[in-house]
């Protein structure tokens, strides 16, 4: 399991996503049985106190150690304060029952709950870069019964932008046609922090034109990206969903391959990677090589550290796929290599 580098930031992000992760399910079940939910642990003062608690007090070998110590100070007996945690949804076995039902029906849990609720979830816009992470994040939210109303692409002139993916960004519009989802394109000079103003402009346009209530990001481990996007979303009263957050890098790559994603590397910039990796559909063979390089050189298997960039040619939600007709590979003196796509076509 990945150890968080900033527990408070991760806790805040999880709190912002609590509806997607937990409360949507609970709301559907309670409404179906005419029960009203009460959530005392979401009391504003309690949440503020927890977020202000130093990280070193939040992790220990004893689960809920701080809460147990506080309960003793408040007069709870040692026997009660040391009780093993056992959430109702686990002890009742309801999770296993639902898992069995959806397996028999060949559905995902979100599909099952949406059939009970009889409506779509809220409208979302997807931050879209043309790479695997943004497409996969969109796919997950679509599967969770959210309506993806538009794609939002930031075209940065700064090829070294920390915020936005730049290789093959010019193909995002073509991918939008493959997905049959409208796209909002926003140019930016890519100047640090100022590019966030351009992102805010793009999100405002999406909110006004497509009535979105939230956005999807493909962030996995970058707090730099996630926190800045969440701050803008808070300002615009938009929810922010990052379904890939802290997903194991090898697991993500395996999922993409197993779900029949067709994606290629368009740029490599790390020791152990060369032009032979470019313009080749990533399969288990390439993944095995990346895993070996991770063990030897500690590169990120999913390319999250900028080791490589990707372009999706086909995916489960694509209504047509892309084929590269003409391309060129340019090698740099620093050992990096880039695929230049000169001609690409759509195929039904």
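Numbering (our numbering), first residue to last: 65 to 412. Built from N, CA and C at the ideal position, the CB exists for glycine as well. Remember, predicted model here, so these are calculated numbers, not experimental data.
Per DSSP, the bridge partner or partners of residue i
i: residue 131; result: DSSP output for residue 131 lists no bridge partner at all.
i: residue 212; result: 188
i: residue 280; result: 190, 305
i: residue 318; result: In the DSSP output, where bridge partners are listed per residue, residue 318 has none listed.
i: residue 219; result: 251
i: residue 345; result: 328
i: residue 387; result: 409
Backbone secondary structure at residue i - three-state DSSP
i: residue 250; result: strand
i: residue 407; result: strand
i: residue 392; result: strand
i: residue 65; result: With a pLDDT of 38 at residue 65, under the threshold of 50, the modelled position of that residue is not reliable, and no figure is offered here.
i: residue 305; result: strand
i: residue 148; result: coil
i: residue 401; result: strand
i: residue 293; result: helix
i: residue 382; result: coil
i: residue 323; result: coil
i: residue 122; result: coil
i: residue 227; result: coil
i: residue 268; result: helix
i: residue 141; result: coil
i: residue 366; result: coil
i: residue 262; result: helix
i: residue 338; result: coil
i: residue 286; result: coil
Beta-carbon proximity of residue i to residue j, cut-off 8 Å
i: residue 376; j: residue 199; result: yes
i: residue 327; j: residue 242; result: no
i: residue 317; j: residue 351; result: yes
i: residue 260; j: residue 290; result: no
i: residue 111; j: residue 73; result: no
i: residue 252; j: residue 300; result: no
i: residue 220; j: residue 230; result: yes
i: residue 279; j: residue 216; result: yes
i: residue 254; j: residue 225; result: yes
i: residue 410; j: residue 384; result: yes
i: residue 402; j: residue 408; result: no
i: residue 302; j: residue 275; result: no
i: residue 239; j: residue 305; result: no
i: residue 245; j: residue 236; result: no
i: residue 75; j: residue 115; result: yes
Contact test: residue i Cβ vs the ligand SAH heavy atom, cutoff 7 Å
i: residue 373; result: Judged by which ligands are present, the structure shown has none, so any question about the ligand SAH falls away.
Limits of the unbroken beta strand (DSSP E) element including residue i
i: residue 374; result: 372-378
Opening and closing residue of the alpha helix (DSSP H) in which residue i lies
i: residue 326; result: Unbroken run through residue 326 is the beta strand (DSSP E), 326-332; no alpha helix (DSSP H).
i: residue 159; result: 158-169
i: residue 205; result: 196-207
i: residue 275; result: First-last for residue 275: undefined, no H or E at that position.
i: residue 72; result: 71-80
i: residue 238; result: 236-243
i: residue 311; result: No alpha helix (DSSP H) holds residue 311; DSSP gives it neither H nor E.
i: residue 89; result: 88-96
i: residue 108; result: 108-115
If contact is defined by three or more beta carbon pairs under 8 Å, each pair taking one atom from either stretch, is the stretch 324-336 in contact with the stretch 355-370? In this structure the stretch 355-370 touches the stretch 324-336; the number of beta carbon pairs closer than 8 Å is three or more.
Any 3 or more C-beta pairs closer than 8 Å across the stretch 172-189 and the stretch 353-365: Short answer: they don't touch.
Three or more C-beta pairs under 8 Å: does that hold for the stretch 86-102 against the stretch 160-178? The stretch 86-102, when compared against the stretch 160-178, does touch it at the 8 Å Cβ threshold.
At a cut of 8 Å, does the stretch 168-175 reach the stretch 292-301 through at least three beta carbon pairs? The stretch 168-175 vs the stretch 292-301: no contact.
Would you check if there are 3 or more beta carbon pairs closer than 8 Å linking the stretch 307-324 to the stretch 269-286? The answer is yes - the stretch 269-286 touches the stretch 307-324, with three or more Cβ pairs under 8 Å.
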